[in-house]
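Residue numbers (the working numbering): 624 to 915.
Structure (structure tokens):
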């Protein structure tokens, strides 16, 4: 497996993991979801802007593959909106654990649509992962905010869409930079008009609140770019699995920064989920090495 691709995926998981707890802190300081969404894509667009003049045949590539670019941008919209809303209504740790079902969804797509073979050990690990998620959700189900849970599920579907479409685009030799440019500028324009006409963006916040919300904004820009770099190198399934560093970082961040606590069922479920997917990653790589 491409070592650089693994490092890119792990780096993406690290920076994605920072998003939820730091966004929650910003919300607690009075930052609105609208401003958080707008700044996320504004910062990412500004960072990628200087690279645009050096891209050859950019508009031709966009025109030729417009369906794929729109679909991956739609996935990004679902991910951003769903995750930011979920951490506003439920605990960060729970939101992330629901959201991070997306590697399982990616692997299901790989098996069903891409005809990727998967051995019985991996299937057992899928089952243990779902059992772990049951423990995470089941004991406190009555206390959950349904809107927050549904938002996290929506974010998971968005992440799945992005990774699957990204793999398809990389197979067409579309570069991560070209994808990054389109997603961030398209979503910046989309959210600007949606928020302007249907909602409102409150810029009247304190300096500390503004600096705080910049942390997840920059983290998103870095994480997305690293994820786009990882997928062409190690594939969608392995990228999704290595991104399971994200919930570890997010949960540790929630415990340390937000003083959140996990009950015994959630701790057991979390360990089962993460260990199952870590072992799935190892077995998948071992199988590929045996056939390479």
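Each residue gets a CB set at the ideal place from its N, CA and C atoms; glycine is no exception.
* To do: Please name the residue in 666, 649, 648 whose C-alpha comes closest to that of residue 808.
  => 666
* Rounded separation between residue 824 and residue 703 - CA only -> 16 Å
* N-terminal and C-terminal residue of the alpha helix (DSSP H) that residue 789 is part of -> 769-794
* **With 16 other Cβ atoms within 10 Å as the buried cut-off, status of residue 689** => exposed
* Where residue 753 and residue 631 are concerned, what is the direct C-alpha to C-alpha distance, given to the nearest angstrom? -> 27 Å
* Asked: Buried or exposed: where does residue 794 fall if 16 or more other Cβ atoms within 10 Å of its Cβ makes it buried?
  -> exposed
* Could you tell me whether the stretch 709-721 touches the stretch 772-780, using the rule of 3 or more Cβ pairs below 8 Å? => yes
* Asked: Run through DSSP, which three-state label would residue 896 get?
  -> helix
* Can you list, in chain order, the residues of its chain whose CB lies under 6 Å from that of residue 670, leaving out five sequence neighbours each side? -> 844
* To do: Answer yes or no: do residue 851 and residue 890 have a C-beta to C-beta separation smaller than 8 Å?
  => no
* Residue range of the alpha helix (DSSP H) that includes residue 731 -> 725-735
* **residue 686 (DSSP reduced to helix, strand or coil)** => helix
* **Closest Cα partner of residue 700 within the set 847, 864, 731** => 847
* Asked: From 901, 894, 902, pick the residue whose C-alpha is nearest to that of residue 757; which is it?
  -> 894
* To do: Using three-state DSSP, classify residue 825 as helix, strand or coil.
  => coil
* Asked: By DSSP, does residue 680 sit in helix, in strand, or in coil?
  -> coil
* Asked: If we call anything under 8 Å between Cβ atoms a contact, is residue 791 one with residue 691?
  -> yes
* So, helix, strand or coil for residue 888, using DSSP? -> helix
* Proximity below 8 Å, CB of residue 832 to CB of residue 655 -> no
* Any contact of the stretch 670-682 with the stretch 811-825, i.e. 3+ C-beta pairs under 8 Å? -> no
* **6 Å Cβ shell around residue 839 - same chain, five flanking residues per side excluded** => 642, 645, 646
* Under three-state DSSP, which class holds residue 714? -> coil
* Using alpha carbons as the reference points, say which of 897, 743, 797, 827 lies closest to residue 683. => 797
* Between residue 862 and residue 651, what straight-line distance do the alpha-carbon atoms span, to the nearest angstrom? -> 32 Å
* When you compare only the Cα positions, how much space is there between residue 821 and residue 827? -> 19 Å
* Under the three-state DSSP convention, the category residue 866 falls into -> coil
* Under 8 Å, do residue 883 and residue 772 count as touching if we go by C-beta distance? -> no
* Assuming residue 899 and residue 733 form a contact by the criterion Cβ under 8 Å, report the distance between their Cβ atoms to the nearest whole angstrom. => Not quite, the Cβ-Cβ distance comes to about 17 Å (not below 8 Å), so this is no contact.
* Asked: At which residues does the alpha helix (DSSP H) containing residue 670 begin and terminate?
  -> 656-671
* C-beta atoms of residue 818 and residue 657 nearer than 8 Å -> yes
* Is the beta carbon of residue 870 less than 8 Å from the beta carbon of residue 648? -> no
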